[in-house]
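Notes follow the structure.
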Amino acid sequence: MLFDWSPDRLWRTAMNLLQLPRCIFGQHHRDRPHAWHDGPVVRSHCIGCGKPMVKDSHGWHLASDVPAGT
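Numbers 18 to 87, taken from this note's numbering, label the letters of the sequence shown in order.
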């Protein structure tokens, strides 16, 4: 099988393609089903570009400036 044709996989692929242009302009969107708690923050990744994201007291943003476990 070359491609997983399940409805869930097709939906996620379509959402990734729709989100990617928004990422170019800095409007990243977290992947809700794959979020986890990491101490005082919640971590996930962007569904469009895959960059790590973190939610803290300031809301969701890219995790490039937040060290792990803080």
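Glycine included, C-beta positions come from ideal geometry on N, C-alpha and C.
Would you report the Cα separation of Q36 and L27, rounded to the nearest angstrom? Mapped onto the sequence shown, residue 36 falls at position 19. Mapped onto the sequence shown, residue 27 falls at position 10. When the Cα atoms are used, Q36 and L27 turn out to be separated by approximately 14 Å.
Residue environment, H45, which counts as buried when at least 16 other CB atoms sit within 10 Å: For the purposes of this step, residue 45 is taken as the residue at position 28 of the sequence shown. The residue is buried, with at least 16 neighbouring Cβ atoms inside 10 Å.
Who pairs with R47 in a beta bridge, going by DSSP? The count along the sequence shown starts at 1 and reaches residue 47 at position 30. Answer by DSSP bridge pairing, in chain order: C63.
Can you tell me whether G65 is buried or exposed, with buried defined as 16 or more other CB within 10 angstroms of its CB? If you number the sequence shown from 1, residue 65 lands on position 48. It counts as buried.
Minimum C-alpha distance to W77 - residue among C40, L34, R47 and W22: Looking up residue 77 in the sequence shown gives position 60. Of the listed residues, the one whose Cα sits closest to W77 is R47.
Decide if A80 is buried, meaning its Cβ has at least 16 other Cβ atoms within 10 Å, or exposed. Residue mapping note: residue 80 aligns to position 63 of the sequence shown, counting from 1. With 16 or more Cβ atoms within 10 Å of its Cβ, A80 is classed as buried.
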